[in-house]
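Down below is the structure, laid out as structure tokens.
Number of protein chains: 2
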Amino acid sequence: MADILHRIGVKNSTPEKVYDALTTIDGLAAWWTEDTKGTSDTTNGVVQFRFPPVGGFDMEVTKLTPSSHVAWRVVDGPPEWIDTTITFDVSQDDDYTVVLFKHEGWKEPVDFMYHCSTKWGSYLMSMKTLLETGKGAPAPNDVQISNWH
Amino acid sequence: MADILHRIGVKNSTPEKVYDALTTIDGLAAWWTEDTKGTSDTTNGVVQFRFPPVGGFDMEVTKLTPSSHVAWRVVDGPPEWIDTTITFDVSQDDDYTVVLFKHEGWKEPVDFMYHCSTKWGSYLMSMKTLLETGKGAPAPNDVQISNWH
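The following block contains the structure:
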């Protein structure tokens, strides 16, 4: 088993604002992918993230602790992602709201996992920019990192 | 043990050019940190990467396969980094020169590892930008990702 880990710090924000960016459809659509639908603010809700034309992910919300913790389980998407889990831990550290991100449960460190690690980092930077400036870089206007986009 | 993985693709480049960015002092200084000194193009050489005012890393070059593979072992730096290894595997995939990056041998997934994962992704994007545009974002002009810089 292998995990993807990331840490970002958002300046001049609050745990409440970061939690909103992780648990509202408008928030998620403003940093990950504009094509976001479903129920993101309730345990057992399912959120559909799509990245036309290549597909996407369905996430079941498995745990929500306001302003502090969000957990998802991947219920549909690429085979490597199914049943992996994604967590966001939010806390305040001086002037920064810090997000610890973990995508765990990958069975093998396949090349696609290397790609997803870099891509997650880039999307988390999109969330940071969204909260700091009001404008993120969600798909389809995300930062291209390679031939796999 | 836990690993940091990343994958980037550099457009309109070659494995030779990417290898140069990984094995020359001028190349490394143009995407990771401007304060780079030492011997980067010979096995058993040691490269000093510094990030004033916070310190840095000494890397022993452990393996070099021209245009294809670079491996380093951390011989000095933060305690979590000592004896970890860093590898770059370079290959061509259509129009993109692909780099698979691995920083392995972390004993524990401490918060600093989360930070270094995101930071490595950002620096690899700096290498991509350097090779695509001629200008990277090495320290001290690197992209700030958090209160830990």
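Keeping their order, the protein sequence lines are chains A and B. Its first residue numbered 218, the first sequence is counted upward by one per residue in our numbering. Its first residue numbered 218, the second sequence is counted upward by one per residue in our numbering. C-beta atoms are modelled at their ideal positions from N, C-alpha and C, and glycine is treated no differently. Computed from a predicted model, the values in this text were never measured in an experiment.
Let me see if you follow: with CB-CB separation under 8 Å, is residue i close to chain B or not?
i: Ser363/A; result: yes
i: Thr335/A; result: yes
i: Asp359/A; result: no
i: Arg290/A; result: no
i: His320/A; result: no
i: Arg267/A; result: no
i: Val315/A; result: yes
i: Leu348/A; result: no
i: Ala219/A; result: yes
i: Leu222/A; result: yes
i: Asp275/A; result: no
Who pairs with residue i in a beta bridge, going by DSSP?
i: Gln361/B; result: Answer is none; Gln361/B lacks a bridge partner.
i: Ala356/A; result: Thr250/A
i: Phe274/A; result: Phe266/A
i: Asp220/B; result: Glu321/B
i: His286/A; result: Thr282/A, Asp306/A
i: Lys432/B; result: In the structure as shown, chain B begins at 218 and stops at 366. Residue 432/B is therefore absent and cannot be evaluated.
i: Val235/A; result: According to DSSP, Val235/A bridges with nothing at all.
i: Asp243/A; result: The partner list for Asp243/A (beta bridge, DSSP) is empty, contrary to what the question assumes.
i: Asp293/B; result: Asp275/B
Between residue i and chain A, is the shortest Cβ-Cβ distance under 8 Å, so that the two count as touching?
i: Met344/B; result: no
i: Met330/B; result: yes
i: Pro373/B; result: Nothing about residue 373/B can be reported from this structure: the residues present for chain B run from 218 to 366 only.
i: Ile225/B; result: yes
i: Ser339/B; result: yes
i: Asp252/B; result: no
i: Asp237/B; result: no
i: Asp312/B; result: yes
Suppose contacts are defined by Cβ-Cβ distances below 8 Å. Is residue i in contact with residue j by that definition?
i: Trp323/A; j: Ala219/A; result: yes
i: Ser308/B; j: Pro355/B; result: no
i: Val225/A; j: His320/A; result: According to the sequence as given, residue 225/A is Ile; it is not Val. No, they are not a contact pair.
i: Thr241/B; j: Ser230/B; result: no
i: Gly272/A; j: Val264/A; result: no
i: Tyr331/A; j: Leu239/B; result: no
i: Asn364/B; j: Tyr236/A; result: no
i: Ser343/A; j: Asp359/A; result: yes
i: Thr301/B; j: Thr279/B; result: no
i: Lys385/A; j: Glu349/A; result: Outside the displayed span of chain A (218 to 366) sits residue 385/A, for which this structure offers no information.
i: Trp298/A; j: Phe266/A; result: no
i: Thr304/B; j: Val315/B; result: no
i: His223/B; j: Thr335/A; result: yes
Using 7 Å as the cut-off, classify the Cβ of residue i as near or not near the heavy atoms of the ligand MN, replying yes or no.
i: Trp289/B; result: The ligand MN is absent from the structure shown, which contains no ligand whatsoever.
Which runs of the beta strand (DSSP E) fall wholly inside the region 305 to 352 of chain B and span at least 3 residues, in chain order? 313 to 323
Evaluate contact between the region 285 to 294 of chain B and the region 335 to 344 of chain A, counting only Cβ atoms and requiring at least three cross-stretch pairs below 8 Å. no
Given 8 Å, three or more beta-carbon pairs between the region 237 to 252 of chain A and the region 250 to 258 of chain B: no
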